[in-house]
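According to our numbering, the residues represented by the sequence shown are 113 to 464, in order.
For every residue, glycine included, the Cβ atom is placed at its ideal position computed from N, Cα and C.
The model shown is predicted, which means the values in this text are computed figures rather than measured ones.
Notes follow the structure.
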Amino acid sequence: MKTSDFGFHSFLALGSLALFFLVQSLGGGYYLLVAFYVLQYVVLSTAWNILGGYGGYVNFGTAGFFAVGAYSTVFFFKLFGLQNLKQLDLGFIEISLPYLSFIYFPAAVFAGALFSGLLGLGTGYLTLRLRGVYFSIATLALSIVAMTIVVNWSYVGGARGAFVIKPTVVAGFKDANLFVLCAMILLTMLSLAIARRIEQSKLGAGLQAIRDDEDSAECSGVPTLRLKLQATTISGALMGAGGALFPFFVTYVDPIGAFNLAHTVNSIAMPLIGGMTHWTGPLIGATLLGLIQQYFGSKNIITPEMSLLIVGFLMMLFVAIAPNGLLGLLKRKHKKAHPISATRSAPEKPSQ
C-alpha cells in the first residue's frame, strides 16, 4: 500500500471513529441529528462533484436521485413486509430481531444505489449529448417527472407519504439511531474513497479533459460519452445510497421532503464553496455549510427558505471571487506567501 493511501485510509478511519464516539459521548439527540445531516450532505455533494466538478456538467437532479433511493426503501419494506418482521429463517440459520438490521440496511443501500445508478445511466443516454444549460434543465425536468410519478403512486404513499419504522433494537448498539449514524458514516467513507479513486484514475483524467474542452478531448481520442455515462451512473448511485438511509432516520417520507429543493441547491453549493477539483472540496464545503445551517436553524434565526436564499448568495459570491472554492484560495495564498518554492516546483521550459 502506498504511503498516501495509508494516510488517506487512516484519516477516514480515525475521523469516523472520533465522530461516532463524540456523538455518543454527547448523548446523541440533537448532536446525532446534526452529524447525520452533515454526513448526508457530504455524500450528496461528493456524488454531485464526480460529474459536476470533475466533468463540468452541472446536475440539477440531485433531489430526484436522492428521492429514488429513499422510495426504494419504502417500496421494498412494503413489498416484503419488513415492518413487522421479527425473525428471518434462511433454512440453515435463523436470524433474530437484533441482527436483522445488519441485513436489510445494506440491502436497502444496495437497492437505492442500484435503482438510482440505473436511472443515472438512462438519464445519461438521453441527456449527455446536451451541453451547458440544456443538460442542467434536462436533469431538473427528470426530478420533476420522478416527483409526479411518486405523488400519484399510492403504493408508496402518494402525496400523503409513508412511514418506515426503524429497528427497535440492534445488537451492539444501545440506540438504533446510533446504528443509522454508523451506517451513514460508512457510506460517507465509501463515497470519499470512490471520489478519490476516480480523481486519480484514467476516468478522472478523462473527465478533467472534458471539463476543460470537450471538443478537443474528443478529437484527442478520449471516449467522452462513455466516461460521462460512467460518471453519471456512479454519481446517481451514491445519491441513491444516501437517500436509502434517509427513511430509517426520519421514519416518515413524503414527496416534499424527499424531493426538497435544498438537496439540489446544497449539493451544488457545497463543492463550489469547498472546491470542485479535489475530493476534499465537498467534504470541507458540506461540513462548514451544513454546521452553519443546522446551528442557525436550531436557534430559529433563519427559516429553510431564508437558508436557501443565503446559500444562493454565497454561490454567487464564490463564483465571483473564488471560483475554485476555499481550496483555490488557500493555494493562491500559499503561492503568494512562498513565491520561490512555487517557482521551483514549476517545470522548467525546455531549451530551444
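Within 7 Å, strictly: CB atoms of Val268 and Val180: On the sequence shown, residue 268 is found 156 positions in, with the first residue counted as 1. On the sequence shown, residue 180 is found 68 positions in, with the first residue counted as 1. Contact: no.
Touching by the beta-carbon criterion (3+ pairs, under 8 Å), the stretch 403 to 421 and the stretch 141 to 157: yes
Please report the Cβ distance between Leu144 and Val135, rounded to the nearest whole angstrom; I am assuming they are in contact, meaning their Cβ atoms lie under 8 Å. Within the sequence shown, numbered from 1, the residue matching residue 144 stands at position 32. Within the sequence shown, numbered from 1, the residue matching residue 135 stands at position 23. Between Val135 and Leu144 the Cβ distance is about 5 Å, and since that is below 8 Å, they are a contact.
What does DSSP give as the partner residue(s) for Val282 in the beta ladder? Translated into positions along the sequence shown, residue 282 becomes position 170. In the DSSP output, where bridge partners are listed per residue, Val282 has Phe285.
Assigned exposure category for Leu293 - 16 Cβ within 10 Å defines buried: The residue you call residue 293 lines up with position 181 of the sequence shown. The residue is buried, with at least 16 neighbouring Cβ atoms inside 10 Å.
For Leu350 and Ile306, which I take to be in contact (beta-carbon distance under 8 Å), what is that distance rounded to the nearest angstrom? Numbered from 1 along the sequence shown, position 238 holds the residue referred to as residue 350. Numbered from 1 along the sequence shown, position 194 holds the residue referred to as residue 306. Going by Cβ atoms, the distance from Leu350 to Ile306 rounds to 7 Å, so yes, they are a contact pair.
Contact check, Ile385 vs Phe430, beta carbons under 7 Å: Along the sequence shown, read from residue 1 onward, the residue named residue 385 stands at position 273. Along the sequence shown, read from residue 1 onward, the residue named residue 430 stands at position 318. Result yes, Cβ atoms of Ile385 and Phe430 sit closer than 7 Å.
Thr415 versus Val377 - alpha carbon distance: Taking the first residue of the sequence shown as position 1, residue 415 is located at position 303. Taking the first residue of the sequence shown as position 1, residue 377 is located at position 265. Whole-angstrom Cα-Cα distance: 15 Å.
Cutoff 6 Å; reference Gly348; Cβ partners in own chain excluding five residues on either side: Numbered from its first residue, the sequence shown carries residue 348 at position 236. Result list for Gly348: Phe177, Ser228, Gly229, Leu231, Gly232, in chain order.
Cutoff 7 Å: Tyr237 Cβ touching any chain D Cβ: Looking at the structure shown, chain D is missing, and only one protein chain is on hand.
So, using beta-carbon positions, are Gly369 and Pro383 closer together than 7 Å? Indexing the sequence shown from 1 puts residue 369 at position 257. Indexing the sequence shown from 1 puts residue 383 at position 271. Taking 7 Å as the Cβ cut-off, Gly369 and Pro383 do not qualify as a contacting pair.
Exposed unless 16 or more other CB atoms sit within 10 angstroms - verdict on Tyr183: For the purposes of this step, residue 183 is identified with residue 71 of the sequence shown, where counting begins at 1. Buried, since its Cβ has 16 or more Cβ neighbours within 10 Å.
Hey, would you say Ala175 sits closer than 7 Å to Ser255, going by beta carbons? Within the sequence shown, numbered from 1, the residue matching residue 175 stands at position 63. Within the sequence shown, numbered from 1, the residue matching residue 255 stands at position 143. The answer is yes: Cβ separation under 7 Å.
So does the stretch 267 to 285 actually touch the stretch 187 to 197, counting three or more Cβ pairs closer than 8 Å? Touching, per the Cβ criterion.
In the DSSP output, which residue or residues are listed as bridge partners for Ala274? Against the sequence shown, residue 274 aligns to sequence position 162. Answer is Val365.
Among residues of its own chain, excluding the 5 on either side of Leu131, which ones have a beta-carbon nearer than 7 Å to its beta-carbon? Numbered from its first residue, the sequence shown carries residue 131 at position 19. Closer than 7 Å at the Cβ level, and outside the excluded window around Leu131, lie Ala147, Ile297.
Do the stretch 326 to 333 and the stretch 203 to 212 touch if we need at least three Cβ pairs shorter than 8 Å? no
Cβ-based neighbour list, Tyr153, same chain, cut-off 8 Å, excluding 5 preceding and 5 following: Within the sequence shown, the letter at position 41 stands for residue 153. Excluding five sequence positions before and after Tyr153, the CB atoms of its chain that fall closer than 8 Å to its own CB belong to Asn378, Ser379, Met382, Ala398, Leu401, Gly402, given in chain order.
Are Val221 and Ala356 close, meaning C-beta to C-beta below 7 Å? If you number the sequence shown from 1, residue 221 lands on position 109. If you number the sequence shown from 1, residue 356 lands on position 244. Against a cut-off of 7 Å, the Cβ pair of Ala356 and Val221 comes out as a contact.
Pull up the CB-CB distance for Leu439 and His375, whole angstroms please, since I reckon it's below 8 Å. For this step, residue 439 is matched to residue 327 along the sequence shown. For this step, residue 375 is matched to residue 263 along the sequence shown. 23 Å between Cβ atoms; not a contact.
Alpha helix (DSSP H) segment containing Tyr407, residue limits: Numbered from its first residue, the sequence shown carries residue 407 at position 295. 392 to 410 is the extent of the alpha helix (DSSP H) around Tyr407.
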